[in-house]
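**Q**
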Amino acid sequence: MFRAVQAPKELSAYFTTGGASGPLEAGKTVMWDFADFPGAFPVEVKRCTRNKSVVLAWGSQTGGKNRVEFRFKKIGPRATEVRIREGGWPNTPKGRKAAFGNCMGWSQMLAAMKAWCEHGINLRKGFYK
Numbered sequence: 039m040f041r042a043v044q045a046p047k048e049l050s051a052y053f054t055t056g057g058a059s060g061p062l063e064a065g066k067t068v069m070w071d072f073a074d075f076p077g078a079f080p081v082e083v084k085r086c087t088r089n090k091s092v093v094l095a096w097g098s099q100t101g102g103k104n105r106v107e108f109r110f111k112k113i114g115p116r117a118t119e120v121r122i123r124e125g126g127w128p129n130t131p132k133g134r135k136a137a138f139g140n141c142m143g144w145s146q147m148l149a150a151m152k153a154w155c156e157h158g159i160n161l162r163k164g165f166y167k
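Structure representation (structure tokens):
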């Protein structure tokens with residue numbers, strides 16, 4: 039599961055519908071592009087610990103930067119728990135709306151990642167035209 043987030047070819051196969059410009063490596067900035075939000079987004083990689091965690095920073099819709107953390111925990115021979123936490127949203131109506139919108143996006147990412155990694159199915163293919 040870690041590679042499905044860290045490697046651009048994998049991430050682009052099920053999530054970043056417009057592509058990911060490079061691997062997630064600490065200290066690098068990569069571009070993520072989504073068909074449903076046209077235009078690539080810069081994603082700063084703050085930390086990347088193989089098979090454990092990835093910490094990102096990216097711009098929020100309310101200004102400033104949000105922190106996104108992926109945590110990976112092996113729970114069986116062929117099972118990994120993936121948790122995503124995003125913070126930095128202001129406690130305002132606009133901030134809450136944006137936070138819940140991203141929460142829906144991360145939920146979609148997890149479902150798409152599971153379908154891709156376990157069955158080779160891209161749930162987002164053809165969804166955004």
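The number in this note's numbering is simply the position in the sequence shown, starting from 1, with 38 added. All C-beta atoms, glycine included, are put in the ideal place defined by N, C-alpha and C.
If you follow the beta strand (DSSP E) that Gly125 is in, where does it begin and where does it stop?
**A** Residue mapping note: residue 125 aligns to position 87 of the sequence shown, counting from 1. Counting along the chain, the beta strand (DSSP E) containing Gly125 begins and ends at 117 to 125.
**Q** Helix, strand or coil for Glu63 per DSSP?
**A** Looking up residue 63 in the sequence shown gives position 25. Three-state DSSP puts Glu63 in coil, outside helix and strand.
**Q** Give me the Cα-Cα distance between Glu156 and Arg162, rounded to the nearest whole angstrom.
**A** To locate residue 156, count along the sequence shown from 1; it is residue 118. To locate residue 162, count along the sequence shown from 1; it is residue 124. Cα to Cα, the separation comes out at about 15 Å.
**Q** Measure the C-alpha to C-alpha separation of Ser98 and Trp127 and round it to an integer number of angstroms.
**A** Along the sequence shown, one-based indexing puts residue 98 at 60. Along the sequence shown, one-based indexing puts residue 127 at 89. Their backbone Cα atoms lie some 8 Å apart in a straight line.
**Q** By Cβ distance, which residues of its chain are closer than 8 Å to Ile113, with the 5 residues on each side in sequence left out?
**A** Against the sequence shown, residue 113 aligns to sequence position 75. Contacts found: Glu119.
**Q** Do Thr100 and Gly143 count as a contact pair if the criterion is CB distance below 7 Å?
**A** Your numbering for residue 143 matches position 105 in the sequence shown. Your numbering for residue 100 matches position 62 in the sequence shown. No. Outside cutoff.
**Q** Using the beta-carbon count (16 or more within 10 Å), is Tyr137 buried or exposed?
**A** Position 99 of the sequence shown holds residue 137. In the sequence under discussion, the amino acid at residue 137 is Ala, which differs from the Tyr named in the question. That one is buried.
**Q** Determine the extent of the beta strand (DSSP E) in which Ser91 is found, giving its start and end residues.
**A** Your numbering for residue 91 matches position 53 in the sequence shown. From DSSP, the beta strand (DSSP E) with Ser91 extends over 91 to 97.
**Q** Can you give the beta carbon distance from Thr87 to Asp71, rounded, assuming they're within the 8 Å contact cut?
**A** Residue 87 sits at position 49 when you count from the first residue of the sequence shown. Residue 71 sits at position 33 when you count from the first residue of the sequence shown. Between Asp71 and Thr87 the Cβ distance is about 25 Å, and since that is not below 8 Å, they are no contact.
**Q** Hey, out of Lys47, Ala58, Lys135, whose CA is closest to Thr67's CA?
**A** Sequence index remark: in the sequence shown, residue 67 carries index 29 (1-based). Closest option to Thr67, Cα to Cα, is Ala58.
**Q** Using DSSP with H/G/I as helix, E/B as strand and the rest coil, what is Asn140?
**A** Taking the sequence shown and counting its residues from 1, the one referred to as residue 140 is at position 102. In this structure, Asn140 counts as helix in the three-state DSSP scheme.
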